[in-house]
Structures are given as C-alpha cells and as structure tokens.
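Chains as they are written, first to last, in this note's numbering: chain P, 114 to 341; chain L, 114 to 341.
Here's the structure, in structure tokens; my notes come after.
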DNA sequence: CGGGTACTTGACAATGGTCAAGTGTGGTGG
DNA sequence: CCACCACACTTGACCATTGTCAAGTACCCG
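Written out as structure tokens, the structure reads:
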C-alpha cells in the first residue's frame with residue numbers, strides 16, 4: 114500500500130485535504146523496529162512522535178525495583194509520544210515494541226508547523242488527547258478503587274466487546290503483560306484466573322478463553338470485589 | 114478587577130489579542146459555588162468547561178463502596194472539564210468545590226468556534242491537555258509502583274517546592290482530602306505521618322509541618338518504601 | 001531434542017483496609 | 001461567654017488482599 118494511502122487511514126489525519134496529506138507524507142520518516150526494542154525511554158529528549166502502522170507498542174513506567182506498569186498498548190493507526198511535542202521536551206514514560214513493528218515518525222518542528230496552519234488537524238489532535246485523558250482517568254479508577262479480580266473482569270468484558278461481543282475471546286498479549294497492564298504480577302493474575310475458572314465464570318485454555326457467566330463477570334467488574 | 118483583566122491572566126488565554134479576549138469574555142458565564150457543592154457528576158452530559166477564578170475544586174472518582182480517589186485539585190487560573198468538549202459528550206469524573214469558588218463557564222459550541230479560528234488558542238489547549246496527561250502518568254506511577262509512605266514523601270517534597278523550597282510548609286487541604294489524593298484513607302495516612310514523625314523525618318502540628326530530614330524524605334519518595 | 005521463557009502453585013510476610021472507640025477543635029446558638 | 005455539636009483526626013485490634021520467594025511444569029523455537 115502506498116504511503117499516502119496508509120496516512121489517509123490514520124484517524125489523526127482524517128478530514129485532511131489531498132494537499133495536506135501530501136505535506137504530512139513529506140515530513141514523516143518510515144521506521145521498522147524488531148520485537149522487544151526500546152523506542153524511547155522516560156525523560157529522554159523528544160524530537161517528535163510516532164504512529165503505529167503495523168505491530169504493537171507498549172507505553173509503561175518502571176519502579177525502582179523493576180516492577181512495570183503498562184499505561185497503554187497501541188496498535189494500528191494509533192499515535193503515541195505526542196505529549197512532549199506540546200508540553201516540554203521529555204517523554205513521560207517508556208515505549209517498547211511487543212512485536213516487530215512499522216512506525217511513522219513525525220518530527221516535532223515540522224509537525225507543529227502543519228498543525229498551526231490546519232484547524233482540523235488541531236481538532237483531531239485535541240480529541241485524541243482527550244480520549245487519552247479519559248483512558249487514564251479510567252485506569253486510575255481501576256487501580257485505586259478496584260481490586261485485581263474486578264480489574265480483570267472489566268478487562269475481559271472490554272476485550273470481548275472489542276472482539277465483537279462474543280463469549281469466545283483470545284488474549285492479544287501474554288499473561289505477563291496483562292498482569293502489568295492490570296497493575297499486578299503474573300502470580301496473582303494466575304491465581305485469580307484459577308479462582309474465577311473454578312467458580313465457573315470462565316473457561317480458559319492457553320490464550321483462548323470462553324465467558325461462561327457474563328452476568329457474574331459484570332457484577333464482579335462493577336463491584337470490584339471477588340466473593341469467596 | 115474587570116472581567117477582561119481576569120481572563121487575560123488565565124494561562125489558557127495567554128497570547129490572545131485584545132479582540133480575541135473580548136470574544137472570550139463575550140461567551141463566558143460568571144458563576145459562584147458554595148463550599149462542598151457539586152459542579153458536575155461523572156457521566157453527566159457536558160455543555161462546556163470551567164476555569165477557576167477563586168477557590169478550589171477537586172476532580173474525583175468514587176468507588177461502589179464510597180471510597181474516593183482525587184484525580185486533581187485545581188485552583189486559580191486552572192481549567193477543568195475540557196475533555197468532553199473535544200471527546201464525546203460526558204464528563205469522565207466528578208467535580209466539587211473544596212471552598213467557596215468563583216468559576217467562569219465556557220459553553221462548548223461557542224468555545225469550539227473560537228478555537229477553530231485561533232491557532233494560538235488551540236496550541237494553548239494542546240499544551241494544557243499535555244500537562245494533564247503528564248500529571249496522570251505520574252499519578253498512575255505513584256499509585257501502582259509506590260507504597261503509601263513513598264507517595265506521601267513525594268507529595269510533601271512537591272508541596273515544599275511549591276511553597277518556595279523552605280522546610281516549613283502548610284497543607285492547603287485537610288488530611289482526609291490528602292489521603293484521598295494519595296489513594297488511601299485517613300487512618301492509614303495518620304499512622305504513616307506518626308511513623309515518619311517518630312523517625313524524625315518531619316515534625317507536624319495541625320496543618321503546619323516542618324521537614325527535618327529532607328535527604329531521608331527524598332530517599333523515601335524515590336524508593337517508594339518505608340524501612341522499619 | 002534441548003533450552004529458555006511463560007506460566008502455575010505453595011508457603012509466607014506485610015501492606016493497608018475495616019471497624020470501633022476515643023480525642024480534640026472550631027463554630028454556632030443559647 | 002460558655003456549652004455543645006459536628007467533624008476532623010487519631011489509635012487499637014484485626015484481617016483480607018496481594019506481593020515475595022522458591023520450586024516445579026508446560027510449551028514454543030531453533
């Protein structure tokens with residue numbers, strides 16, 4: 114697929130005219146990363162931001178002792194690393210590929226020029242950052258106000274919805290990464306999966322999973338607490 | 114002070130021309146809230162956003178069982194409730210005054226018109242939302258990767274810095290609100306304050322507090338763990 | 001087939017939340 | 001001006017949830 118066509122499918126650039134898309138194509142840099150490569154690290158000086166074309170990228174924080182909290186996992190069409198473009202110069206978190214990935218990189222200065230000229234690009238960016246803020250508000254709520262079983266249940270229901278609302282679903286990340294996304298560790302996740310399996314809420318084999326008690330899962334996601 | 118002068122001092126509107134400021138003044142609605150009043154609730158339909166002129170507003174989430182997590186406390190010159198202006202229609206959290214407050218309300222449609230015409234207003238908003246994202250990333254890190262003593266130490270150091278870097282400082286919120294800001298409850302906060310007092314890191318009386326062991330506090334804030 | 005990684009399980013420790021009771025204090029009204 | 005009430009805060013005893021450490025199993029890739 115041509116670059117212009119790829120760019121036109123990125124939500125951030127929806128609604129731009131053909132000429133504007135050309136300008137966007139002119140400033141981007143096409144990059145490929147292997148699985149497990151660091152894209153940038155927290156506090157590193159930022160010279161621009163990225164859009165995922167193929168692959169998966171995780172954005173995360175790491176504690177002193179090495180525990181990791183994933184803030185976001187981005188896939189096709191999503192952008193990351195914009196904050197330092199508008200704020201100050203440094204990345205607020207780390208970025209690493211979860212799979213071999215193709216990324217478009219947009220240099221800061223050239224992109225700022227574009228956005229100042231084009232109100233619809235600015236509006237797209239505002240709505241993207243708003244979506245991001247919503248996501249963070251939700252994540253904070255989960256981490257602070259629910260226990261791990263509640264977060265897990267909410268995640269499974271979200272995944273099911275994203276995969277078409279069916280009761281059969283498949284994790285798109287390892288359980289270790291899922292643990293980090295839920296703000297816990299693999300051991301705890303493993304135990305809780307075992308517990309809700311034995312209670313008949315789900316059936317799990319490998320990365321595939323079937324929801325058997327959707328109602329009970331919903332209660333769990335809402336209350337945030339596991340009985341028993 | 115005249116409204117135009119108040120508006121010109123709001124960071125969001127820095128760099129606007131006199132004519133643009135006039136337009137801003139034309140669309141705003143001047144409102145007053147008593148202490149403890151609800152400004153909006155989560156999931157409520159939003160028709161615009163707010164800027165704090167005087168007073169204090171907390172933005173927070175509440176769990177099923179009533180535990181509260183404060184996302185942000187806003188004071189003079191700061192704006193809140195912008196997310197639904199750009200994203201979809203509903204507020205992602207609750208807002209309530211901590212003191213009697215004067216707020217300027219900006220209706221969504223009129224504000225969107227302004228921002229589309231004015232690139233510098235759009236850029237100000239982008240940098241404000243970026244700052245907000247940074248704050249959330251930091252909050253998530255604190256909640257997920259540090260224990261309560263670490264969060265408390267980090268907060269005290271932040272407060273000290275905000276109050277001029279001195280070792281004497283004064284809380285601007287109740288300890289109960291502070292607990293909610295740190296993602297814990299008053300009992301736990303009270304115990305930890307007691308513990309670090311008896312270790313000689315701080316001396317606390319009422320809302321006033323003196324830092325006695327800055328180095329030790331810094332270690333604590335960084336490692337996130339309290340020894341002993 | 002071998003080796004590393006992902007995952008699971010068990011025993012244990014500890015952080016922090018719950019419940020309950022008590023202390024202190026500021027503000028209001030008698 | 002003082003008494004009382006409400007509310008903020010503290011303290012104690014208890015316990016649930018979750019993290020740590022250690023070991024063992026399963027599985028995928030070369």
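Glycine residues also receive a C-beta, built at the ideal position from the N, C-alpha and C atoms.
Here the structure is a predicted model, which is why all the values come from computation and not from measurement.
Neighbours of residue 127 (chain P) in chain L, taken as residues whose beta carbon is under 7 Å from its own, are absent, since the nearest beta carbon is some 14 Å off.
With a threshold of 16 other beta carbon atoms within 10 Å, residue 143 (chain P) falls short and is exposed. Out of P:202, P:242, P:135, the CA that lies nearest to the CA of residue 154 (chain P) is found in P:202. Under the Cβ distance rule, residue 232 (chain P) counts among the residues neighbouring chain L, one pair being separated by less than 9 Å. For residue 187 (chain P), no Cβ of chain L is located within less than 9 Å of the residue's own Cβ. Buried is the label assigned to residue 194 (chain L), since at least 16 other Cβ atoms lie within 10 Å of its Cβ. At a cut-off of 9 Å, the C-beta of residue 290 (chain P) has no neighbouring C-beta in chain L. Rounded to the nearest angstrom, the gap between the Cα atoms of residue 160 (chain P) and residue 217 (chain P) is 13 Å. Along the segment 211-271 of chain P, the beta strand (DSSP E) occurs as fully enclosed runs of 3 or more residues at 214-220, listed in sequence order. Taking 8 Å as the upper bound on Cβ-Cβ separation, chain P lies near residues 240, 242, 243, 244, 245, 246, 247, 249, 250, 251, 252, 253, 254, 256, 257, 258, 259 of the segment 240-272 of chain L.
The Cβ-Cβ distance between residue 172 (chain P) and residue 185 (chain P) falls below 9 Å.
Of the candidates L:247, L:232, L:326, L:209, L:209 places its Cα closest to the Cα of residue 290 (chain L). With respect to the 9 Å criterion, residue 257 (chain P) and residue 258 (chain L) are not classified as neighbours on the basis of their beta carbons. Residue 324 (chain L) carries a strand assignment under DSSP once its states are collapsed to helix, strand and coil. Taking the Cα positions, residue 231 (chain L) is about 11 Å away from residue 224 (chain L).
In the DSSP secondary-structure assignment, residue 187 (chain L) is bridged to L:170. Listed along chain P, the residues sitting closer than 7 Å to residue 196 (chain L) by beta-carbon distance are 243, 246, 247.
Contact note: residue 184 (chain L) reaches chain P through 250, 253, using a C-beta cutoff of 7 Å and chain order. Residues of the segment 189-218 of chain P that bring their beta carbon within less than 7 Å of a beta carbon in chain L comprise 196, 199, 200, 205, 206, in sequence order. Per the Cβ contact rule, the segment 271-287 of chain L is not in contact with the segment 272-283 of chain P (fewer than 3 Cβ pairs under 8 Å). In this structure, the CA atom of residue 246 (chain P) is about 24 Å from the CA atom of residue 261 (chain L). Between the alpha carbons of residue 150 (chain P) and residue 214 (chain P) lies a gap of roughly 10 Å.
Here residue 149 (chain L) carries a coil assignment [DSSP, helix/strand/coil].
Judged by their CB atoms, residue 235 (chain L) and residue 196 (chain P) are not nearer to each other than the 9 Å cut-off.
Rounded to whole angstroms, the separation of the alpha carbons of residue 139 (chain P) and residue 264 (chain P) is 43 Å.
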